[in-house]
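Undergrad: My questions all concern the structure below.
Protein chains in written order, with my numbering: chain A, 1037 to 1330; chain B, 4 to 675.
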């Protein structure tokens, strides 16, 4: 099943819902757990009864043994809310192989939302570039997944990236704490990115930054001097292979490292995803975060 | 080092193309989309600089390729000097000039000495003596004694030299020997020996020519260039001899010119010659003795070539030849004919007339030729004698007029149809000549009978008649027929000026004179001949009868067989040839060397250099005593150009691969 998580294989599958299903089921099969038992009905924790709690969840067996009221909580009942912020700026259209960044980001977003929906978590989507292009409020209602996948499919790369507007919009949209997954190539100064997202983290949301980059962006392989055109600004620049081999790599590495460092310092999770890597790594990270936080 | 085709060096301008492509042309990169340029820095200058550095090898290879191609087409060569005698292999050819001009000073001896010094032990050598033709004096071999003997046997001749003949012989030797020739030419390098077309001097392939001038410089020389004198004098007439003396490379000077007859000085004149000038000396009233006279015109040149200071002329005094004119009693035709025949001061003929009635006892064989002028009848005995005479080689001239037309026959031409035509009774009134054979002796100097009016013409039709002249209405007016060994000439009009106005025209005298000489068999040979020309000693009809020829040295050059068969003999020496012809006539022939040999001007150095570089193999030599070898470099340059082309292809291919890979990446991005 692992090969079905390969982006190149996924690119040959038509239909984003089928892609998401393939990814999630393949990922779950790799965990060697029953999906029915493992998530929605699995015992998570006991919690002391407080006035106002629903008496149906009191573990009476435990009360009999200990004469204390405990509420038995299952994982499927954690009532998590996942909101995916999908960057659809023009730079996401870059790709040096069969799967470009926006495709990879779509697969990832669809998988995360499919997985959340499967666990009956409320799921929402914001597609943005320099404006909020599409916004689907988090919900666990029936038909939400279809709306989300439709919104993902409509995300076409265009315009430039502006993180401020979608996050302002998101702050107004989120009324309860939840998981926020930001899928972007983060072509912005790390300070600006983190500064924009910090208010969400301060309000108790768990932020996951999925940094999607093409291998060619990390290690360019220029053989001759060439004229590079910025896909967002249309600026052009003549670049020598030596620069791409040396200084550029240093800069992109420093950028990644700075983003990772600042994200962790601000309590965010940062994942660097190369578009030639399988998607299970991202899903695993998501579940780890979800399990650890809720 | 030099170039055989330096104009191809203009192709070096093509180097500008790679310079433009690599250095001047604005580089146009294919735009390549990238997600973000926020981590790139604008370093255009360094990038362009780098590109130039990267393509510098390709640029150098392309430039080298163009330069090498231009050099290869320019045909570069390297000239290296090799010491004399160190010639490379091949057949050694020693060509020695033995022409008339080599008699000057010690030219021939010097040439032979230098040729002897060229002999190499063990080396195959061919010795050639040449003048107007080349003589191979030995089979190619290395026998030094035989080679020395061949060289020492070379004697000067009276012929003129011809380098074209020498080169022709060299080509034949090269074709036969199939090995490169190392030609050493020992000659005075006379300018007059060059052929009109320089292509005739082109040396055979692989031959190397080394020149050994036998003269250090051009020397002055006076000569008797030409002599104008009659070859034959008739009766008691005196002779006028005109001689032209000339100086070649000479200063202005006074010279004495003398006329010698039979070894005795007859007259002497002093003449002033301008620098490199000519002068004519005339000797009037010369009266040679009866028979053949050996005449010479001499000049006291006091130069180093005395052989050309005299010129020989043969003058023969004889009695005028008798001509018989048979007429019908009228006197006008005799008058006009005699006047024309004896008009020349040196007339070769004496006219005897007789009427037809009295011609019975006349023997035609006593006369050079017989003329029948418009006869009503011919004595049968005379006609029989005429037939015998003409069959035996005599000549008969028949003029036909109104009297002959009424007789309707032509003497000796049995079966001929005769028809008289009166143009005066027609609308045209007269006819003129529309066609005349200009090559026939009768017509040659008669100006084509222009303007002659014919009022009455007798047309004769008989088998074997050849038309020499005819009128506008196609009526033949002068015809000729062979009769046995002799010939019959038929004139369709008369000499009395009634049937035509020809006797009143200026062209009548040369017509009569030339026709008479033709019928009498007198030749128009000049008073002297040039060496290497040919003298006809018998006609085709005289086969089997021996002729006797005695050359200027008193030797008989013809064997008995040759004396009975040859039609002509070559005149190889200056002096007087005695010829005893088959008909018993003794003839004296004066022979002189071509005076082109008297001009000792040397060929210009640039012409000699062009001659030495005329052979296509690429190795020539120049100068005296030293040989220069020219080595062609174009094969090496072309090989280098080939290497440069291969290297350029490899480097260019690598560059193109890199470029196409970049394009493929871009296509992938575009497709994605």
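Beta carbons are placed, not taken as given, at the ideal position from N, Cα and C, and that holds for glycine. Here the structure is a predicted model, which is why all the values come from computation and not from measurement.
Could you name the residues of the same chain whose beta carbon sits closer than 8 angstroms to that of residue 331/B, not counting the 5 residues immediately before and after it, in chain order?
TA: Around residue 331/B: 358, 359, 376, 377, 378, 379, 406.
Undergrad: So residue 471/B and residue 453/B are in contact, right, with Cβ under 8 angstroms, and what is the actual spacing, rounded?
TA: No, residue 471/B and residue 453/B are not in contact; Cβ-Cβ is about 16 angstroms, not under 8 angstroms.
Undergrad: Within the stretch 480 to 512 of chain B, note down every full beta strand (DSSP E) run reaching 3 residues or more, in order along the chain.
TA: Complete beta strand (DSSP E) runs here, min 3: 489 to 494.
Undergrad: Can you give, in chain order, each stretch of the alpha helix (DSSP H) that sits fully within the stretch 361 to 397 of chain B and has at least 4 residues?
TA: Listed in chain order, they are 383 to 394.
Undergrad: Taking buried to mean at least 16 other C-beta atoms within 10 Å of its own C-beta, is residue 490/B buried or exposed?
TA: Flag for residue 490/B reads buried.
Undergrad: Run through the stretch 433 to 482 of chain B for me and flag every whole alpha helix (DSSP H) of 4 or more residues, listed as ranges in chain order.
TA: Listed in chain order, the complete alpha helix (DSSP H) runs (minimum 4 residues) inside the stretch 433 to 482 of chain B are 444 to 447.
Undergrad: Does residue 1247/A come within less than 8 angstroms of chain B when only Cβ atoms are used?
TA: Cβ-Cβ to chain B under 8 angstroms: no for residue 1247/A.
Undergrad: From residue 422/B to residue 465/B, what distance separates their C-alpha atoms?
TA: Using only the alpha carbons, I get a separation of about 12 angstroms.
Undergrad: Taking Cβ positions only, does residue 206/B come closer than 8 angstroms to chain A?
TA: No, residue 206/B lies away from the interface with chain A (no Cβ there is under 8 angstroms from its Cβ).
Undergrad: Under three-state DSSP, which class holds residue 1208/A?
TA: The answer is helix: DSSP assigns residue 1208/A an H, G or I state.
Undergrad: Using only CA atoms, which one of 194/B, 131/B, 537/B, 164/B lies nearest to residue 175/B?
TA: Checking every option, the nearest Cα to that of residue 175/B belongs to 131/B.
Undergrad: Run down chain D in chain order and give the residues with a C-beta less than 7 angstroms from the C-beta of residue 40/B.
TA: In the structure shown, chain D cannot be found, because the protein chains are A and B.
Undergrad: What is the DSSP secondary structure of residue 72/B, reduced to helix, strand or coil?
TA: Residue state, collapsed to three classes: helix.
Undergrad: Using C-beta distances below 6 angstroms, list every residue in its chain close to residue 76/B, excluding the 5 sequence neighbours before and after it, in chain order.
TA: So the qualifying residues of the chain are 11.
Undergrad: On a CA-only basis, which of 1096/A, 1106/A, 1100/A is nearest residue 1087/A? Give me that one, please.
TA: When only C-alpha atoms are compared, the closest one is 1106/A.
Undergrad: Buried or exposed: which applies to residue 467/B, given that a residue is buried once 16 or more other Cβ atoms fall within 10 Å of its Cβ?
TA: When all chains shown are included, residue 467/B counts as exposed.
Undergrad: Check each residue of the stretch 1232 to 1259 of chain A: if its Cβ is closer than 9 angstroms to any Cβ of chain B, include it; give the result in chain order.
TA: Hits within the stretch, in order: 1249, 1250, 1252, 1253, 1256, 1257, 1258, 1259.
Undergrad: Since residue 245/B is in the beta strand (DSSP E), which residue starts that stretch and which ends it?
TA: First-last of the beta strand (DSSP E) with residue 245/B: 242 to 251.
Undergrad: Residue 217/B and residue 196/B - do their beta-carbons sit closer together than 8 angstroms?
TA: Cβ atoms of residue 196/B and residue 217/B: not closer than 8 angstroms.
Undergrad: Buried or exposed for residue 158/B, going by 16 or more other Cβ atoms inside 10 Å?
TA: So residue 158/B ends up on the exposed side.
Undergrad: Residues of chain B with CB under 7 angstroms from residue 1288/A, in chain order?
TA: Simply 42.
Undergrad: Label residue 1200/A either buried or exposed according to how many other C-beta atoms from any shown protein chain fall within 10 Å of its C-beta, with 16 as the threshold for buried.
TA: By the 10 Å Cβ count, residue 1200/A comes out exposed.
Undergrad: Go to residue 208/B, then tell me how far its alpha helix (DSSP H) extends in each direction, as first and last residue.
TA: Where residue 208/B is concerned, there is no enclosing alpha helix (DSSP H), given that its DSSP letter is neither H nor E.
Undergrad: Does residue 66/B come within less than 8 angstroms of chain A when only Cβ atoms are used?
TA: No, because no Cβ of chain A sits closer than 8 angstroms to the Cβ of residue 66/B.
Undergrad: Report the residue from 180/B, 24/B, 70/B whose alpha carbon sits nearest the alpha carbon of residue 642/B.
TA: Nearest of 180/B, 24/B, 70/B to residue 642/B, Cα basis: 70/B.
Undergrad: So residue 1097/A is in the alpha helix (DSSP H); what residue range does that whole segment cover?
TA: Run containing residue 1097/A: 1096 to 1102, per the alpha helix (DSSP H) assignment.
Undergrad: Determine whether the beta carbon atoms of residue 1299/A and residue 1245/A lie at a separation below 8 angstroms.
TA: Cβ atoms of residue 1299/A and residue 1245/A: closer than 8 angstroms.
Undergrad: Flag this pair as touching only if the stretch 1206 to 1213 of chain A and the stretch 1222 to 1242 of chain A have three or more C-beta atom pairs under 8 angstroms; answer yes or no.
TA: Counting Cβ pairs under 8 angstroms, three or more are found: they touch.
Undergrad: Tell me residue 128/B's beta-bridge partners as DSSP assigns them.
TA: The partner list for residue 128/B (beta bridge, DSSP) reads 95/B, 144/B.
Undergrad: If you measure beta-carbon to beta-carbon, which residues of the stretch 1184 to 1217 of chain A are closer than 7 angstroms to chain B?
TA: Against chain B - using a Cβ distance shorter than 7 angstroms - the stretch 1184 to 1217 of chain A contributes no residues.
Undergrad: According to DSSP, simplified to helix, strand and coil, what is residue 7/B?
TA: Coil.
Undergrad: So with CB distances below 8 angstroms, who are the chain B contacts of residue 1291/A?
TA: Correct list: 42.
Undergrad: For residue 49/B, which residues from the same chain have a beta carbon less than 7 angstroms from its beta carbon, with the 5 sequence-adjacent residues on both sides left out?
TA: Below a pLDDT of 50, predicted positions are generally treated as unreliable, and residue 49/B, at 46, falls in that range; no measurement from the model is reported.
Undergrad: Between residue 50/B and chain A, is the shortest Cβ-Cβ distance under 8 angstroms, so that the two count as touching?
TA: For residue 50/B, the predicted structure reports a pLDDT of 47, less than 50, and the residue's modelled location is therefore unreliable. The matter cannot be settled from this model.
Undergrad: Could you please tell me which residues of the stretch 1140 to 1173 of chain A, in chain order, have their CB closer than 9 angstroms to any CB of chain B?
TA: Going along the stretch 1140 to 1173 of chain A in chain order, one finds no residue with a Cβ nearer than 9 angstroms to chain B.
Undergrad: Buried or exposed for residue 1070/A, going by 16 or more other Cβ atoms inside 10 Å?
TA: Confidence is the limiting factor: at residue 1070/A the pLDDT is only 35, short of 50, which leaves the residue's position unreliable and the question unanswerable from this model.
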